[in-house]
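Data block below; observations after.
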Amino acid sequence: ELSLSEDGTLLIKPLRELEKLRSDEKTVADLLVKSDTTHVLKGISGDTMELEIVLNAPTAKEFGIWVLCDKDGNKGFTIASAKGEKTLTVDYINPPFELQEGEDLTLRIFIDKNLIEVFANDRQAAVGWHVYNPEDLDVSLFTKGGDLKVKSVSAWQMKPIY
Numbered sequence: 059e060l061s062l063s064e065d066g067t068l069l070i071k072p073l074r075e076l077e078k079l080r081s082d083e084k085t086v087a088d089l090l091v092k093s094d095t096t097h098v099l100k101g102i103s104g105d106t107m108e109l110e111i112v113l114n115a116p117t118a119k120e121f122g123i124w125v126l127c128d129k130d131g132n133k134g135f136t137i138a139s140a141k142g143e144k145t146l147t148v149d150y151i152n153p154p155f156e157l158q159e160g161e162d163l164t165l166r167i168f169i170d171k172n173l174i175e176v177f178a179n180d181r182q183a184a185v186g187w188h189v190y191n192p193e194d195l196d197v198s199l200f201t202k203g204g205d206l207k208v209k210s211v212s213a214w215q216m217k218p219i220y
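Using the working numbering, the letters of the sequence shown correspond one by one to residues 59 to 220.
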């Protein structure tokens with residue numbers, strides 16, 4: 059859904075009708091990922107799912123999420139950013155995106171087998187393709203050069219539209 063904010067910024071959001079496909083919600087709140095570590099989200103995995111991840115005004119040098127990763131939280135599709143960067147990393151794609159000072163980062167991520175769609179703060183969207191091992195269905199958070207405060211993670215399995 060495209061719209062304009064009051065200040066004229068183009069907003070882009072996933073279609074709200076997609077919420078009807080959600081099932082089996084899992085949530086995590088107030089999580090701290092220590093600097094230079096990876097944290098696998100236990101009980102949150104799949105290759106047909108929606109994720110909503112809210113990061114508390116990230117200050118780490120680099121931070122992000124790996125989806126469709128192995129049990130150790132590695133070798134997945136990377137969604138990342140870095141303090142002061144003017145792009146969002148969506149694996150091999152780097153769309154323009156910049157967080158304002160003190161702004162939280164809200165990511166909506168849709169995984170449909172090899173296709174991954176990412177929406178960032180309703181201001182940017184990107185779609186990527188990822189060939190993955192069917193056993194690698196985990197989701198992990200990582201940070202380098204500073205702790206990462208995670209306000210919330212919500213995950214839903216997605217039902218087919220048929």
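Where a beta carbon is used, it is the ideal one built from N, C-alpha and C, also for glycine.
Next on the checklist: On the criterion of 16 or more Cβ atoms from any shown chain inside 10 Å, does Glu64 qualify as buried, or is it exposed?
Outcome noted: exposed
Item to check | Lys119 vs Lys217 beta-carbon contact at 7 Å | outcome: no
Item to check | Pair within 7 Å by beta-carbon distance, Lys92 and Asp205 | outcome: yes
Item to check | Glu83 versus Gly101 - alpha carbon distance | outcome: C-alpha separation (whole angstroms): 11 Å.
Next on the checklist: Within a Cβ cutoff of 6 Å, which residues of the same chain sit near Asp94, ignoring the five residues on either side of it in sequence?
Outcome noted: Lys202
Item to check | Length of the line joining the Cα atoms of Arg74 and Gly186 | outcome: The alpha-carbon atoms of Arg74 and Gly186 are separated by roughly 21 Å.
Next on the checklist: Considering only the alpha carbon of each residue, which of Asp149, Glu110 and Gly134 lies closest to Ser210?
Outcome noted: Glu110
Next on the checklist: I need the straight-line Cα distance from Asp105 to Leu69, nearest angstrom please.
Outcome noted: 27 Å
Checklist entry - If we call anything under 7 Å between Cβ atoms a contact, is Gly131 one with Thr85? => result no
Item to check | Selection from Leu113, Ala213 and Lys78 that minimises the alpha carbon distance to Glu161 | outcome: Leu113
Item to check | Identity of the residues DSSP links to Ile123 by a beta bridge | outcome: Ile137 and Leu199
Next on the checklist: Just verifying my parser: in three-state terms, what is the DSSP assignment at Lys84?
Outcome noted: strand
Item to check | Asp170 beta carbon less than 7 Å from that of Leu126 | outcome: Leu126 places its beta carbon 7 Å or farther from that of Asp170.
Next on the checklist: Per the DSSP calculation, Ala183 is bridged to which residue(s)?
Outcome noted: Phe177
Next on the checklist: Which same chain residues end up closer than 8 Å to Asn172 when comparing Cβ atoms and leaving out the 5 residues on each side of it in sequence?
Outcome noted: Trp187, His188, Val189 and Tyr190
Next on the checklist: Output needed for Phe121: all residues of its chain with C-beta closer than 6 Å, excluding positions within five of it in sequence on either side, in chain order.
Outcome noted: Thr201 and Leu206
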